[in-house]
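Participant:
Protein chains: 2
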Amino acid sequence: MILKSQVEWALHCCAILAGLPEGRYLSTKALAELHGLPKEYLSKALQSLSQAALVDTTLGPSGGYRLARSSSEINFLDIVEAVEGKARSFTCTNIRENNPCRPAGYCDSKPCAVARIMWEADEAWRDTLRRVRLSDLVGILSEEVRPDLWQSTFEWVLKRAG
Amino acid sequence: MILKSQVEWALHCCAILAGLPEGRYLSTKALAELHGLPKEYLSKALQSLSQAALVDTTLGPSGGYRLARSSSEINFLDIVEAVEGKARSFTCTNIRENNPCRPAGYCDSKPCAVARIMWEADEAWRDTLRRVRLSDLVGILSEEVRPDLWQSTFEWVLKRAG
DNA sequence: GGAATTAAGGATATAGAATATCCGCAAAAC
DNA sequence: GTTTTGCGGATATTCTATATCCTTAATTCC
Ligand code: SF4
Ligand code: SF4
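These protein sequence lines are chains V and R, in that order. Residue numbers for the first sequence follow the working numbering, beginning at 1 and rising by one. Residue numbers for the second sequence follow the working numbering, beginning at 1001 and rising by one.
(1) Return the first residue and the last residue of the beta strand (DSSP E) that residue 1066/R is part of.
(2) Exposed or buried, what is residue 1060/R when buried is set at 16 or more other beta-carbons lying within 10 Å of its beta-carbon?
(3) Give me the chain V residues within the contact set of residue 1122/R, using Cβ-Cβ distance strictly less than 9 Å, ordered along the chain.
(4) Given this structure, state the Cα-to-Cα distance separating residue 1123/R from residue 1130/R, to the nearest angstrom.
(5) Identify every residue that forms a DSSP beta bridge with residue 1075/R.
(6) Let me know if residue 1108/R comes out buried or exposed under the rule of 16 or more other beta-carbons within 10 Å of its beta-carbon.
(7) Compare the C-beta of residue 98/V with all C-beta atoms of chain R and state if any pair is closer than 7 Å.
(8) Can you list the residues of chain R that residue 73/V reaches, using a CB-CB cut of under 7 Å?
(9) Quick one: grab the DSSP three-state call for residue 141/V.
(10) Thinking just about the alpha-carbon of each residue, which of 1097/R, 1096/R, 1010/R, 1077/R is nearest to the one in residue 1088/R?
(11) Smallest Cα separation from residue 1106/R: which of 146/V, 128/V, 65/V, 138/V?
(12) Cβ of residue 36/V less than 7 Å from any chain R Cβ?
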């Protein structure tokens, strides 16, 4: 059970977009260069964010991406689910139906305990991600990243933001 | 991010093993028939349980598997990790190292905030699974499964337990 | 208006993981 | 000694993640 690397990419890109001045856009090309990622493939992750309405886009030179809402109104789960999908990690294949002792026509009223417990754990994972806002991440990064690196990155981004 | 179906298989098999009388064993063949699963592949899941020391095995006719500990001393996480591995679901590829603004020789003191938050969610998932004991599952199932099915399954298993 | 740049989406190729089967070995039962 | 069993290795198949390429339409700038 491993998350796609696109999840990491999307989270980092959103953190960068959160630092953009009002109304500016940043292109896939810039985001790919900044993170050292394949531009074409990163583009797929950004398209996922776009489809989830987390970011706004615009075309043409000086086009690119910006957050669709304030960074305090976007949480980790929004981003992770946009890329990874909303499906639960445990999928029930209903193997209890294969029990040879099962009476013909027997119909289970509800999902069995195994599935419910696994889904509960899944929900705990989602809850944790839901509680962390993108703005929280930016706050932590701004404290932890070395100030000179933080500032030079910021300048690098602004130079390329349309 | 989807768990292997072997996780479901292992959980169901453990629930069955928990109902075995003291000292009896149940074979892969019986477990595969009971759940309608491919015997050879289910065997791999059971081998994982064995390697994790969750079950004891014995060879020969009347051989098979039994729990290595009481069902109240085995939790869901034990079983899930035995099959799925203990690796975290979020793997950090350290893309921040590709930042072109990064000073040469800069070395990060600790994993960045993105990774820590994702790992925190992972830990919440594990915590939930850790809190549920195998005996809890058996308790729920014994209440929810129709009594006649529960009993006939029990008899079916006993007939094949060595 | 025309050239350049961009996001979007479809098609396709590659790598790796999950799923599944088969075989040979050693231990245990009879 | 024969059968049954768990175990591990080897292999095949299917599916997903990863990655690239190409076309289209919108936008900017000249
Ligand atoms: S997880 Fe529950 S519902 Fe799904 S197959 Fe197993 S017993 Fe049935
Ligand atoms: S998750 Fe954190 S440590 Fe990992 S690459 Fe991203 S910034 Fe770096």
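Quick reminder that beta carbons are idealized off the backbone N, C-alpha and C, glycines included.
Facilitator: Straight from the coordinates:
(1) Indexing the second sequence from 1 puts residue 1066/R at position 66. Boundaries of the beta strand (DSSP E) around residue 1066/R: 1064-1067.
(2) In the second sequence, the residue the question calls residue 1060/R occupies position 60. Looking at its Cβ environment, which holds fewer than 16 other Cβ atoms inside 10 Å, residue 1060/R is exposed.
(3) Against the second sequence, residue 1122/R aligns to sequence position 122. By Cβ distance, chain V contributes 125, 128.
(4) Position 123 of the second sequence holds residue 1123/R. Position 130 of the second sequence holds residue 1130/R. The straight-line gap from Cα to Cα measures roughly 10 Å.
(5) Here the question's residue 1075/R lines up with position 75 in the second sequence. Beta-bridge pairing links residue 1075/R to 1133/R.
(6) Residue 1108/R sits at position 108 when you count from the first residue of the second sequence. With fewer than 16 other CB atoms across the displayed protein chains lying within 10 angstroms of its CB, residue 1108/R is exposed.
(7) As a first step, residue 98/V must be located in the first sequence, where it is residue number 98. Chain R contact via Cβ: present.
(8) Numbered from 1 along the first sequence, position 73 holds the residue referred to as residue 73/V. In chain order: nothing, as chain R lies at least about 17 Å away.
(9) Along the first sequence, read from residue 1 onward, the residue named residue 141/V stands at position 141. Three-state result, residue 141/V: helix.
(10) Residue numbering aside, residue 1088/R sits at position 88 when the second sequence is read from its first letter. Out of 1097/R, 1096/R, 1010/R, 1077/R, 1077/R has the C-alpha closest to the C-alpha of residue 1088/R.
(11) Residue 1106/R sits at position 106 when you count from the first residue of the second sequence. Of 146/V, 128/V, 65/V, 138/V, the residue nearest in Cα terms is 146/V.
(12) The residue you call residue 36/V lines up with position 36 of the first sequence. By this cut-off, residue 36/V is an interface position.
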